[in-house]
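Have a look at the structure below, then the notes.
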Amino acid sequence: MTRPIVRGTAAWKYFGDFRDALLAEQVLVLQVAHPVVAAGVRDHSDYTSDPWTRLMRTVASLSIYVYGGVAGARVEAARLRSLHRTFTGVADGRRYSALDPSAYAWVHATLVKAPVDAQRFFGRPLSTSELAEYYAQMCGVGRLLGVRERDLPPDWAAFERYYDEMVAGFGKNPTIQTLLETIRTVAKPVKWFPDAWWERLRRGQMLLVRATLPLSLREALGLPWTEEDQRRFSRFARAVRLVSTPIPAGARTAPMRWVGKLNVWFRAHPRVYDRLIGGNGPGSHPRARRRNSRA
1 MTRPIVRGTA
11 AWKYFGDFRD
21 ALLAEQVLVL
31 QVAHPVVAAG
41 VRDHSDYTSD
51 PWTRLMRTVA
61 SLSIYVYGGV
71 AGARVEAARL
81 RSLHRTFTGV
91 ADGRRYSALD
101 PSAYAWVHAT
111 LVKAPVDAQR
121 FFGRPLSTSE
131 LAEYYAQMCG
141 VGRLLGVRER
151 DLPPDWAAFE
161 RYYDEMVAGF
171 GKNPTIQTLL
181 ETIRTVAKPV
191 KWFPDAWWER
201 LRRGQMLLVR
211 ATLPLSLREA
221 LGLPWTEEDQ
231 RRFSRFARAV
241 RLVSTPIPAG
251 ARTAPMRWVG
261 KLNVWFRAHP
271 RVYDRLIGGN
281 GPGSHPRARR
291 RNSRA
């Protein structure tokens, strides 16, 4: 029987680790490598015009799955499925839906894999027992979100095979190219941040994307990788590992846990959410969601 996600369990320790944020753009690239996800993002996402608001809503939603309790995760899952039910269109002459089972499972798979990769790159790799517990718990989250049980492999070893096979079938598409260009050119979130520092951060983020993408996809996308890139990434990874590994898991996950609790509170006070943030994110009022779905 799978242990519930409580303090000290694998999903609690690793899903919200602040080092996971270093793979945020990598996860987006992997998601839109799926042709159905790419079409949905192309037709229905506003990330190119308002990336920071979209990022905050995504983080808020993710935080609820693990740190908002089972009831919170169920409500957030229902909200997401209701929202994505409207995301339909035509790609390459075929109708698509954002709730296509393969695409929906793949998006969840990227979120499952990223924390494991973050520990491999920037921390300590999960033990075999931790991987088993973590994967079982995240499969439970997937079922809450509506991912069919048969669309997720039964154990971690089978999941890695599924993941590698999916990645091997991906290649370039216009949505990936737009996303990579957005990462390279995204504007500062605040005006006071020095331009020179922001340019270094943008270059660093592209380095992280190229470093952490699976090799086959990096090559399929034609992203360069040099020995100097590898040295820079290795130095950065060592520094992150040195600074972050001694920090207790409770402190490493605290920001995500606080966001999760805050958004559960917003759900209980939707009018406050609408006044402060607005849109169709976690905690939004049903009328706001209907209004935004028509926009």
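Read left to right, the sequence shown gives residues 1 to 295 (UniProt numbering).
Glycine is no exception: its CB is placed at the ideal position from the N, C-alpha and C atoms.
Inset, instruction - Return the residue from the list R231, R81, R203 that minimises the CA-CA distance to V147. - result: Put simply, of R231, R81, R203 the residue whose alpha carbon is nearest the alpha carbon of V147 is R81.
Inset, instruction - Check the C-beta distance from T110 over to Q31 and give it rounded, since I have them as a contact under 8 Å. - result: Here T110 really is in contact with Q31; their C-beta atoms are around 5 Å apart, less than 8 Å.
Legend entry - For C139 and V116, the rounded distance between their alpha carbons: Between the C-alpha atoms of V116 and C139 there is a straight-line separation of about 14 Å.
Legend entry - Rounded C-alpha distance that separates W77 from N263: For clarity, residue 77 is Ala in the given sequence; the question names Trp instead. Roughly 14 Å between the two C-alpha positions.
Legend entry - Distance, L242 Cα to residue 314 Cα: Here the chain covers residues 1 to 295 and nothing more, so residue 314 does not appear.
Inset, instruction - Go to R150, then tell me how far its beta strand (DSSP E) extends in each direction, as first and last residue. - result: It is not in any beta strand (DSSP E) - R150 carries neither H nor E in the DSSP assignment.
Inset, instruction - Can you tell me which of the three DSSP states R200 falls into? - result: Looking at R200 - three-state DSSP - the assignment turns out to be helix.
Inset, instruction - Could you say if the segment 150 to 169 and the segment 86 to 105 meet the contact criterion of at least three C-beta pairs nearer than 8 Å? - result: Taking 8 Å as the limit for Cβ pairs, the verdict is that the segment 86 to 105 does touch the segment 150 to 169.
Inset, instruction - Pull up the distance between the alpha-carbon of R57 and that of D46, whole angstroms please. - result: Roughly 12 Å between the two C-alpha positions.
Inset, instruction - Taking all protein chains shown into account, decide if H84 is buried (16 or more other Cβ within 10 angstroms of its Cβ) or exposed. - result: With 16 or more Cβ atoms within 10 Å of its Cβ, H84 is classed as buried.
Legend entry - Distance between beta carbons of L152 and G142, contact taken as under 8 Å: Right, their Cβ atoms sit about 6 Å apart.
Inset, instruction - Can you say whether L62 is buried or exposed, counting buried as having 16 or more other CB atoms within 10 angstroms of its CB? - result: L62 comes out buried.
Inset, instruction - Using a threshold of 8 Å, state whether the C-beta atoms of W106 and Y135 are closer than that. - result: Cβ distance not < 8 Å, so W106 and Y135 don't count as in contact.
Legend entry - CB contact flag (L217, A33, <8 Å): It is a contact, given that the beta carbons lie within the stated cut-off.
Legend entry - CB contact flag (F233, A254, <8 Å): Result no, Cβ atoms of F233 and A254 do not sit closer than 8 Å.
Legend entry - Cβ-based burial, E130 [other Cβ within 10 Å; buried from 16]: With a threshold of 16 other beta carbon atoms within 10 Å, E130 meets it and is buried.
Inset, instruction - Keeping to the same chain, check which residues put their C-beta closer than 6 Å to that of A288; ignore five residues upstream and five downstream. - result: Low confidence applies here, because A288 scores a pLDDT of 43, under 50, leaving its location unreliable and the question unanswered by this model.
Inset, instruction - Could you pull out every residue in the same chain whose Cβ sits closer than 8 Å to the Cβ of R291, ignoring the five residues on either side in sequence? - result: Reliability of the predicted coordinates at R291 is poor, the pLDDT of 41 falling under 50, and the value obtained from them is presented with this limitation in mind. Within its own chain, no residue has a Cβ closer than 8 Å to the Cβ of R291 once the five positions on either side in sequence are excluded.
Legend entry - Inter-residue Cα distance where the pair is V41 and L145: Distance between the alpha carbons of V41 and L145: 19 Å.
Inset, instruction - May I ask which residues mark the beginning and end of the alpha helix (DSSP H) holding V6? - result: No alpha helix (DSSP H) contains V6, which DSSP labels as neither H nor E.
Legend entry - G16 vs V70 beta-carbon contact at 8 Å: Contact flag unset, no.
Inset, instruction - Please confirm whether I5 and Q137 have their CB atoms less than 8 Å apart. - result: Going by C-beta atoms, I5 is nearer than 8 Å to Q137.
Inset, instruction - Quickly, what does DSSP pair Y96 with across the bridge? List them, please. - result: Bridge partners of Y96: G89.
Legend entry - Straight-line Cα distance separating H44 from R294: Only weak support exists for where R294 lies, its pLDDT of 32 falling under 50; the value from the coordinates is given anyway. In a straight line, the C-alpha of R294 is about 12 Å away from that of H44.
Legend entry - Distance, I176 Cα to T185 Cα: So the alpha carbons of these two residues sit roughly 14 Å apart.
Legend entry - 6 Å Cβ shell around A237 - same chain, five flanking residues per side excluded: The answer, listed in chain order, is F121, F122.
Inset, instruction - Quick one: grab the DSSP three-state call for K172. - result: K172: coil per DSSP, three-state reduction.
Inset, instruction - State the DSSP-derived secondary structure class of H84, mapped to helix, strand or coil. - result: It is helical.
Legend entry - Candidates V36, A60, A73, I64, of which the one nearest T88 by Cα: Here the closest residue by C-alpha is V36.
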